[in-house]
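In order, the protein sequence lines correspond to chains R and L. Note that this note's numbering gives residue 40 to position 39 of the first sequence, counting from 1, and the numbers run on in steps of one. Note that this note's numbering gives residue 94 to position 93 of the second sequence, counting from 1, and the numbers run on in steps of one. The structure appears below as C-alpha cells.
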Amino acid sequence: GESVGLHLPTLSVQEGDNSIINCAYSNSASDYFIWYKQESGKGPQFIIDIRSNMDKRQGQRVTVLLNKTVKHLSLQIAATQPGDSAVYFCAETALNAGGTSYGKLTFGQGTILTVHP
Amino acid sequence: ETGVTQSPTHLIKTRGQQVTLRCSSQSGHNTVSWYQQALGQGPQFIFQYYREEENGRGNFPPRFSGLQFPNYSSELNVNALELDDSALYLCASSSWTGNYGYTFGSGTRLTVV
C-alpha cells in the first residue's frame with residue numbers, strides 16, 4: 002500500500018549544528034505534507050507544513066523542502082538545540098474529492114534526533 | 002484557544018474487556034480523527050468523524066468504533082481487547098473548511114494485560 006518512509010531512523014548532532022531529516026513518500030496523489038515533533042509521553046506537535054504547489058517553505062529555524070519529482074521531503078533545523086531532541090515524523094495526506102478538506106494522515110516511521118550539548 | 006484534551010492519560014485493562022477513550026477537540030475544529038501508535042512506530046489512522054458520522058476508516062476491525070457528539074467531542078470504543086491493542090491512542094482535531102489543522106492531544110496510553 003501507499004506509505005511514507007524515512008531514510009534514517011536516528012540522527013545525532015552537536016548543539017548549534019544544522020540538522021536535516023529526510024522522508025520519502027510513495028503516494029503521488031498526496032498534496033499536503035506535515036512535519037511533526039513528538040517528545041516522550043506527548044502527542045505529535047505541528048512543526049511546519051507544505052502543499053504540493055510549493056517546493057520550499059520556511060518557518061522559525063525550520064525549512065521544509067519538497068521534491069515531487071523524486072517524492073522526497075526534508076526538514077532542515079538550523080542551529081539545533083538540545084530542546085529539539087525528539088522523534089520527528091513526516092506525514093502526508095490528500096484533499097478529498099470535493100477539494101474542501103483533508104482526510105487521513107499517513108505517517109512515516111520517524112527519526113530520532115538527539116542533540117548533544 | 003484550548004487544545005485537544007484526551008482522557009484518561011493512562012489505562013490498564015484485561016484482555017477481553019472493553020474500553021472507552023475520550024477526546025475534546027480544539028475550539029473551532031469540527032472534525033476528529035483517531036490514531037493508534039504502537040511503541041516505536043508512527044501513528045496509524047483508525048477513523049475520522051465529521052458531523053457525528055464516520056468519514057473515513059483505516060485498516061482496523063469493527064471492534065474499534067467511535068462516536069462524535071454535537072459539541073464535536075468524540076469517543077473511541079474498543080471491544081474484546083487484545084494484547085496487541087496496547088498502544089498510545091491519539092486524537093486529532095481539524096477543521097473541515099480546509100487549511101491545516103490536525104492538532105493532536107497528548108494521547109491515552111492503553112495497556113492490555
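No residue lacks a Cβ here, since even glycine has one placed at the ideal position from N, Cα and C.
Distances from the alpha-carbon of N56/L to those of I113/R, T115/R, G104/R and G111/R put G104/R closest. Sequence-ordered contacts of the stretch 46 to 73 of chain R with chain L read Q46, F47 and D50 [C-beta pairs closer than 8 Å]. For a cut-off of 8 Å, the C-beta gap from T115/R to S13/R is around 5 Å, short enough to register as a contact.
Contact of L82/L with chain R is not assigned, every C-beta pair being separated by 8 Å or more.
Going by DSSP, K38/R is part of the beta strand (DSSP E) stretching over Y33 to Q39.
Residue range V63 to N68 is occupied by the beta strand (DSSP E) that includes V65/R. Per DSSP, A93/L is one residue of the beta strand (DSSP E) stretching across A88 to S95. Under the three-state reduction of DSSP output, D56/R falls in the coil class, being neither helix nor strand. A residue is called buried once 16 or more other Cβ atoms fall within 10 Å of its Cβ, and V114/L, having fewer, is exposed.
DSSP, reduced to helix, strand and coil, places G57/L within a strand of the structure shown. Here DSSP, grouped into helix, strand and coil, assigns L74/R to strand. With respect to chain R, the C-beta atom of G57/L has a partner C-beta closer than 8 Å.
Of the residues G67/L, R58/L, I47/L and N80/L, the one whose Cα lies closest to the Cα of Q19/L is N80/L. For the C-beta of F90/R, the chain L residues within less than 7 Å are, from N- to C-terminus, G43. Apart from sequence neighbours up to five positions away, the residues of its chain that approach T64/R with a beta-carbon distance below 6 Å are Q77, ordered along the chain. About 6 Å separates the Cβ atoms of S75/L and G67/L, confirming a contact at the 8 Å cut-off. For L91/L, the residues of chain R that pass the 9 Å Cβ criterion are G44 and P45, in the order they occur in the chain. For the stretch 25 to 44 of chain R, the beta-carbon criterion of a distance under 9 Å to any beta-carbon of chain L is satisfied by Y33, I35, Y37, Q39, G42, K43 and G44.
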